[in-house]
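Since the structure comes first, as structure tokens, the remarks are kept for the end.
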Amino acid sequence: MSTVSSPSGCTNFKLRQLTRRVSQHYDHHLALAGLKTTQYSLLSHIAKLGPLAPGELARRMALDASTLTRNLQPLVAAGWVVVGEGVNARSRLLTLTEAGREVRQLAQRHWKAAQLELNDLLGPATVAGLHVLLDQALAAFEPETCNE
Numbered sequence: 000m001s002t003v004s005s006p007s008g009c010t011n012f013k014l015r016q017l018t019r020r021v022s023q024h025y026d027h028h029l030a031l032a033g034l035k036t037t038q039y040s041l042l043s044h045i046a047k048l049g050p051l052a053p054g055e056l057a058r059r060m061a062l063d064a065s066t067l068t069r070n071l072q073p074l075v076a077a078g079w080v081v082v083g084e085g086v087n088a089r090s091r092l093l094t095l096t097e098a099g100r101e102v103r104q105l106a107q108r109h110w111k112a113a114q115l116e117l118n119d120l121l122g123p124a125t126v127a128g129l130h131v132l133l134d135q136a137l138a139a140f141e142p143e144t145c146n147e
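Residue 126 in numbering that gives the first Met the number 0 sits at position 127 of the sequence shown, with consecutive numbering throughout.
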């Protein structure tokens with residue numbers, strides 16, 4: 000018979016502490032490609048989903064528009080992302096440039112090294128269990144959808 004103990008301490012603090020450490024770990028590896036984890040994530044999402052509207056990217060990444068705009072600026076300035084015309088004069092589409100694809104491909108190798116190192120550090124079973132818990136927690140924050 001197992002007993003479940005009550006949570007102790009501040010969940011927000013513990014999560015932020017963990018995410019800071021994990022982000023530092025990935026940032027250390029991705030710096031070898033000249034990127035931060037936020038930049039790699041944006042490039043990867045645009046590569047996978049693009050071309051797409053900034054609002055759609057923000058929605059898919061659960062970012063607010065101002066955060067997305069601020070994080071996109073260095074990628075556009077570096078020539079890795081283009082903000083082009085959308086379906087009408089008021090819309091825009093984000094697209095990776097060839098240089099953006101190349102830097103993402105280089106960074107992907109460093110991301111993979113970070114991922115494998117983290118798996119070794121924590122153990123694959125712990126990482127898999129963490130993913131399950133995180134997915135469950137994220138789902139709990141999603142608004143319910145109704146099927147009519």
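All C-beta atoms, glycine included, are put in the ideal place defined by N, C-alpha and C.
Q: Measure the C-alpha to C-alpha separation of E116 and N87 and round it to an integer number of angstroms.
A: Those two C-alpha atoms are separated by around 46 Å.
**Q.** Local Cβ density within 10 Å of R69, reported as buried at 16 or more and exposed below that
**A.** Residue environment for R69: exposed (fewer than 16 other C-beta atoms within 10 angstroms of its C-beta).
(Q) How far does the beta strand (DSSP E) with G99 in it extend, from its first residue to its last? (A) Here G99 belongs to no beta strand (DSSP E); instead the alpha helix (DSSP H) covers 97-121.
Q: Could you tell me the distance, in whole angstroms, from the CA atom of E84 to the CA atom of R103?
A: For the pair E84 and R103, the Cα-to-Cα distance works out to about 23 Å.
Q. Hey, how far is the Cα of T66 from the Cα of L14?
A. Taking the straight line from one Cα to the other gives about 20 Å.
Q. Do L71 and R59 come within 9 Å of each other at the CB atom, strictly closer than that value?
A. In this structure, L71 does not lie closer than 9 Å to R59 by Cβ.
(Q) Checking the sheet assignment: what are the DSSP bridge partners for G83? (A) In DSSP, G83 forms a bridge with L92.
Q: Please go through the same chain and pick out, in chain order, the residues whose beta-carbon is closer than 8 Å to the beta-carbon of L48, but skip the five residues on each side of it.
A: Annotation for L48: E55, L56, R59 place their beta carbon closer than 8 Å to its own, counting only its chain and skipping 5 residues before and after.
Q: Could you have a look at L34 and say whether DSSP puts it in helix, strand or coil?
A: DSSP, read as helix, strand or coil, puts L34 in coil.
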